[in-house]
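Sequence positions in the sequence shown follow this note's numbering and run 815 to 1103.
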Amino acid sequence: MDAGGYFEEHRILCERLGLRGRILIAEEGLNGTVSGPSKMTEEYMRILQRDERTKGIEFKVDSSRAHAFPKLDIKLRNELVTLALGEDDFSSMEETGRHLSPAEWRVLMEKEDAVMIDVRNQYEWELGHFEGALLPRVQSFREFPEWVRRNRSQLKGKKILTYCTGGVRCEKFSGFLLREGFEEVFQLGGGIVSYGRDPAVQGEKFLGKCYVFDERIGVEVNRTVDATIISRCDHCGTTCDRYVNCSWSQCNRQHFCCEACEDDVMGYCNSVCRKAAVVSLAARGHASD
Ligand SMILES: [Zn+2]
Ligand SMILES: [Zn+2]
């Protein structure tokens, strides 16, 4: 589609419906989350489903008592996710790993010759991930190609199962794996979010919560009796899945902090940030004298 023209049209639509959220628009389509009164979000879905350009788009609906975003933020991109491959780039619309339903995923993940790769960031992983999955310790999505090339021997001859939050990052990453010569490449269709909603698998074998990019931060996945919290408060070590941003604006690091510790540590992620914040406050005080 003509992403540039559609971008403007989509922004007007969201504003008219009073929606808030974060949306990326590219040639291949759009991806993101919006929040608003259910009458408006229903209207939004109806309009997108009727539109030739966005027909067939997959929606996942959660109820929430208030807006999940502070504002509306729509961005135009060359592609929804990038692996920074330069001249070797390809379209995930043409090449991508086989989609697995939650039930298929549940079976394949336990095969002897399967390797599950988590295609997300470390802070997403720390809140929750699949039992037995592998987290490539990369700083950003763009570093995945190099990681794959370095770990080729570990992946060779395996059934490679990739997953991410909603499935978008895997469209690209699994396509890349195929282009690198791996043959059995699969992706969890609709991502962790769809897996958690499936009435049959009920999120089984997912540990902790799924990190999401809105004010909810974490959503439940595992609805079986085995549901657990895997993270701990950074300060006291008690079981805790409460993510808090460091109070020092220059750090702002998301860290686990239990309610009991929050007052004590004043929201700073560690003592270094706490001291730095005091110093910068003092410096500001001095400058204004
Ligand atoms: Zn604590
Ligand atoms: Zn900090």
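Ideal Cβ placement from N, Cα and C applies to all residues, glycine included.
Would you check if the distance between the CB atom of residue i and the CB atom of residue j is smaller than 8 Å?
i, j, result
"F987", "R912", "no"
"G835", "F883", "yes"
"E994", "S905", "no"
"Y977", "G1017", "no"
"T979", "R1037", "no"
"G971", "L890", "no"
"H1107", "C1087", "Residue coverage of the chain in this structure runs from 815 to 1103, which leaves residue 1107 outside it and unanswerable."
"C1083", "C1047", "no"
"K1023", "E1034", "yes"
"G846", "L838", "yes"
"L886", "I861", "no"
"A840", "E893", "yes"
List the whole-angstrom C-beta distance separating residue i from residue j, where the pair is believed to meet the contact cut-off of C-beta under 8 Å.
i, j, result
"S1045", "L941", "6 Å"
"M825", "I888", "Residue 825 is actually Arg in this sequence, not Met. Between I888 and R825 the Cβ distance is about 5 Å, and since that is below 8 Å, they are a contact."
"L1021", "H943", "6 Å"
Which same chain residues, not among the five before or five after residue i, have their C-beta less than 7 Å away from its C-beta?
i, result
"V1015", "P916, A917, R920 and Y1009"
"R1104", "In the structure as shown, the chain starts at 815 and stops at 1103, and residue 1104 therefore has no counterpart that could be examined."
"S1061", "M1080, G1081, Y1082 and A1091"
Going along the chain, which residues of its own chain have a beta-carbon closer than 8 Å to the beta-carbon of residue i, five neighbours each way excluded?
i, result
"L914", "L922, L975, F1000, Q1001, L1002 and G1003"
"D1103", "Any reading at D1103 needs caution, since the residue's pLDDT is 46, under 50, leaving its predicted position unreliable; the model's value is listed next. Nothing meets the Cβ criterion."
"V929", "L948, Q968, L969, K972, K973, I974 and L975"
Spatial neighbours of residue i within its chain, please: C-beta separation below 6 Å, excluding the five flanking residues on both sides.
i, result
"E763", "Because the chain in this structure spans residues 815 to 1103, residue 763 falls outside the shown range and cannot be described."
"I1031", "Y1057"
"V848", "L833 and G835"
"E866", "none"
Give the list of continuous alpha helix (DSSP H) stretches no shorter than 4 residues that lie fully inside the segment 966-1015. The segment 966-1015 contains these whole alpha helix (DSSP H) runs: 966-969, 982-993 and 1005-1011.
Contact the segment 961-977 vs the segment 1063-1077: 3+ CB pairs below 8 Å: With a cut-off of 8 Å, the segment 1063-1077 and the segment 961-977 do not count as touching, because too few Cβ pairs lie within range.
Ignoring anything shorter than 4 residues, give me the alpha helix (DSSP H) runs that lie fully in the segment 899-935, in order along the chain. Taking 4 residues as the shortest admissible run, the segment 899-935 contains the following complete alpha helix (DSSP H) segments, listed from N- to C-terminal end: 916-922.
4 or more residues per run - each alpha helix (DSSP H) lying fully within the segment 1026-1093: Secondary structure remark: continuous alpha helix (DSSP H) runs of at least 4 residues inside the segment 1026-1093, in chain order: 1073-1079.
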